[in-house]
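**Student:** Please see the structure below; I have some questions.
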Amino acid sequence: MSPVDKEIIRRKLAVIVENLDALAAIRDMTISDYITDLYRRKAAERLLQELIEAAIDINTHIIVQTGNTPPDDYYESFIKAGQLAVMPADLAIKLAPSAGLRNRLVHEYDLLEHSRVLEAVRTAEELYPVYVKEIEDFISGSD
Numbered sequence: 063m064s065p066v067d068k069e070i071i072r073r074k075l076a077v078i079v080e081n082l083d084a085l086a087a088i089r090d091m092t093i094s095d096y097i098t099d100l101y102r103r104k105a106a107e108r109l110l111q112e113l114i115e116a117a118i119d120i121n122t123h124i125i126v127q128t129g130n131t132p133p134d135d136y137y138e139s140f141i142k143a144g145q146l147a148v149m150p151a152d153l154a155i156k157l158a159p160s161a162g163l164r165n166r167l168v169h170e171y172d173l174l175e176h177s178r179v180l181e182a183v184r185t186a187e188e189l190y191p192v193y194v195k196e197i198e199d200f201i202s203g204s205d
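The numbers in the sequence shown follow the working numbering, run straight up by one, and end at 205.
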């Protein structure tokens, strides 16, 4: 078992914070403005994807580096992090569905519903600052 690399985690947390800041310009758009603004739509999709991927990377790193088996999938990375008290279990359950959004954004499984992506921006701005704090508290507590 190797120690958790706090520098890697903090770099990933910085990506989440930066992307949340950038998403603020999109959060209050009306759905009709959002749909007609291709650049902001694509920006929102990419920013969400990067933000979610950074969280998945953090979850997986902490899970593995603390001597646990890697999660089976991205969704489980959140659930397992909650079970291991890396973050509160209720937060993990709320964040886990973002793994599915990430998959839809990356693989374009089906046509994206713009209203769902815009809602995901708002949800990310509600939940991910809490995630950042919880992860920072977790790694700070392991000093």
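Quick reminder that beta carbons are idealized off the backbone N, C-alpha and C, glycines included.
This structure is a prediction, so every number in the text was calculated from the model and none was measured.
Taking the alpha helix (DSSP H) that residue 191 falls in, what are its first and last residues?
**Tutor:** Its alpha helix (DSSP H) spans residues 176 to 203.
**Student:** Between the segment 76 to 94 and the segment 179 to 199, can you find at least three pairs of beta-carbon atoms closer than 8 Å?
**Tutor:** At 8 Å Cβ cutoff, the stretches touch.
**Student:** Does DSSP put residue 126 in a helix, a strand or coil?
**Tutor:** In the structure shown, residue 126 sits in a helix (DSSP, three-state: H, G or I).
**Student:** Could you work out which residue in 179, 101 and 70 is closest to residue 122 when comparing CA atoms only?
**Tutor:** Closest option to residue 122, Cα to Cα, is 70.
**Student:** Go through the segment 66 to 118 residue by residue and report every complete run of the alpha helix (DSSP H) that reaches 4 residues or more, in order.
**Tutor:** Segments of the alpha helix (DSSP H) lying fully in the segment 66 to 118: 68 to 89 and 93 to 98.
**Student:** Around the Cβ of residue 144, are there at least 16 other Cβ atoms within 10 angstroms (buried) or fewer (exposed)?
**Tutor:** Answer is buried; the Cβ neighbour count reaches 16.
**Student:** Take every Cβ of the segment 136 to 154, pair it with every Cβ of the segment 189 to 197, and state whether three or more of those distances are shorter than 8 Å.
**Tutor:** A contact exists between the segment 136 to 154 and the segment 189 to 197.
**Student:** If residue 74 sits next to residue 119, beta carbons under 8 Å apart, how far is it from one beta carbon to the other, in whole angstroms?
**Tutor:** Confirmed, Cβ separation roughly 5 Å.
**Student:** Where does the unbroken alpha helix (DSSP H) through residue 161 begin, and where does it stop?
**Tutor:** That run of the alpha helix (DSSP H) goes 160 to 169.
**Student:** If I'm right that residue 167 touches residue 110 with Cβ under 8 Å, what's the distance once you round it to whole angstroms?
**Tutor:** Yes, residue 167 and residue 110 are in contact; Cβ-Cβ is about 6 Å, under 8 Å.
**Student:** How big is the Cα-Cα spacing for residue 106 and residue 149?
**Tutor:** Those two C-alpha atoms are separated by around 26 Å.
**Student:** Could you compute how far the alpha carbon of residue 205 sits from the alpha carbon of residue 66?
**Tutor:** Note that residue 205 scores a pLDDT of 47, beneath 50, so its modelled location is shaky and nothing firm can be said.
**Student:** What residue from 180, 203 and 189 has the CA that sits closest to residue 102's CA?
**Tutor:** Looking at the Cα atoms, 180 is the closest of the given residues.
**Student:** What does a CB cutoff of less than 7 Å around residue 140 pick up in its chain, not counting 5 residues either side in sequence?
**Tutor:** 121, 154, 157, 158 and 161.
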